[in-house]
Amino acid sequence: MSASFDQAQGLRELFARPALSILPVVSGAHGVGKTTVVTHLAHAAARAGRRVAILDASRGDVAAACGIAARYELMHMLEGLRGWEDVAIAGPGGVRIVPGARGYAAMSRDPAQGAQLFPAFASLENGPELLLVNLPSGEALTSSLLDPDGDILLVLTPRPESLTAAYAVVKRLARETGTRRIRLLVNRAATPDEARQVHATFAAAAQRFLAIAPEFAGFVGNDPAVGVARRAKRTAFDSEPLCGAATSFLRIAQAIDGWTLARSEAPAP
């Protein structure tokens with residue numbers, strides 16, 4: 003067998019390996035609808051034909067929001083006690099939910115072990131193409147697992163206290179993880195103009211004091227359909243798929259393809 007054939011075969015195997023796109027989602031404080039955004043955005047991406055999973059590093063918020071009782075979490079996979087099919091819960095729209103507060107925290111404290119986390123997800127047979135990471139809010143969010151070159155989605159509302167808390171998060175992320183790629187999703191905006199103004203105000207402050215230019219990811223209006231779905235432990239796609247919020251989430255999910263997401267590949271065999 004020639005060396006050139008071996009090289010060509012190696013290249014084919016390299017590009018055939020599955021790659022995983024990773025989108026961390028953060029907020030400055032509780033109560034801005036981050037978990038609702040994560041579940042709806044994941045459902046929207048799944049409706050667009052992607053295999054999607056949520057790694058919930060935030061105390062099981064996602065499973066609870068979907069009315070699902072979780073028996074296992076990421077730590078059980080890390081310890082070899084349970085497999086993917088045991089830990090990954092079937093969520094709305096075929097999205098897989100991985101409760102992972104304990105496991106994610108443990109890997110954040112151990113960089114060597116943490117470096118194996120996302121490649122492990124990428125190596126799963128029929129695993130996700132897109133992994134949304136629901137990070138804890140506020141002071142608990144810093145993680146050595148964040149890729150400083152990948153986009154992070156920051157959820158906030160037009161309320162002044164939300165902007166203040168979100169600014170503190172961006173400042174801390176930049177200082178402790180080197181992250182500078184922020185995309186802003188304005189939740190519960192009264193109008194598109196209000197959402198744009200929130201972004202403009204926030205971006206001006208971040209640019210002036212942190213030399214960071216957050217991009218506008220989009221907005222979701224204050225849609226009653228979301229509240230109705232939340233109380234029913236569902237998403238708006240299940241109850242009112244044509245509502246304004248559902249349309250907004252679909253638009254944002256489609257835009258993700260053009261974002262600079264962190265990527266992870268399965269380890270070489």
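Read left to right, the sequence shown gives residues 3 to 271 (the working numbering).
All residues carry an ideal CB built from backbone N, CA and C; glycine is no exception.
Using the Cα positions of residue i and residue j, report the straight-line distance between them to the nearest angstrom.
i: A117; j: P150; result: 14 angstroms
i: N189; j: L156; result: 10 angstroms
i: A270; j: F120; result: 14 angstroms
i: Q256; j: A71; result: 30 angstroms
i: R61; j: W86; result: 19 angstroms
i: V89; j: A268; result: 20 angstroms
i: T179; j: A107; result: 15 angstroms
Assuming residue i and residue j are in contact, meaning their beta carbons sit under 8 angstroms apart, how far apart are those beta carbons, in whole angstroms?
i: D240; j: P94; result: 6 angstroms
i: V135; j: A59; result: 6 angstroms
i: I258; j: L83; result: Contact doesn't hold; Cβ gap of about 33 angstroms is too wide.
i: E273; j: R185; result: Nothing can be reported for residue 273, as the shown portion of the chain is limited to 3 through 271.
i: A46; j: L252; result: 5 angstroms
i: L76; j: G105; result: 3 angstroms
i: V228; j: T37; result: The pair is not a contact, with the Cβ atoms about 12 angstroms apart (cut-off 8 angstroms).
i: A168; j: G30; result: 4 angstroms
i: A124; j: A21; result: 6 angstroms
Can you tell me which of the three DSSP states residue i falls into?
i: I154; result: strand
i: R174; result: helix
i: A268; result: coil
i: S125; result: coil
i: E217; result: strand
i: G223; result: strand
i: S145; result: coil
i: I258; result: helix
Judging by CA-CA distance, which residue of the options is the nearest neighbour of residue i?
i: P113; options: L134, V100, G246 and S145; result: S145
i: A197; options: S250, G30 and R265; result: S250
i: D63; options: V230, K235 and I254; result: K235
i: V200; options: Y74, L80 and L187; result: L187
i: A44; options: L57, P160, V34 and E163; result: L57
i: R182; options: E127, A205 and T38; result: A205
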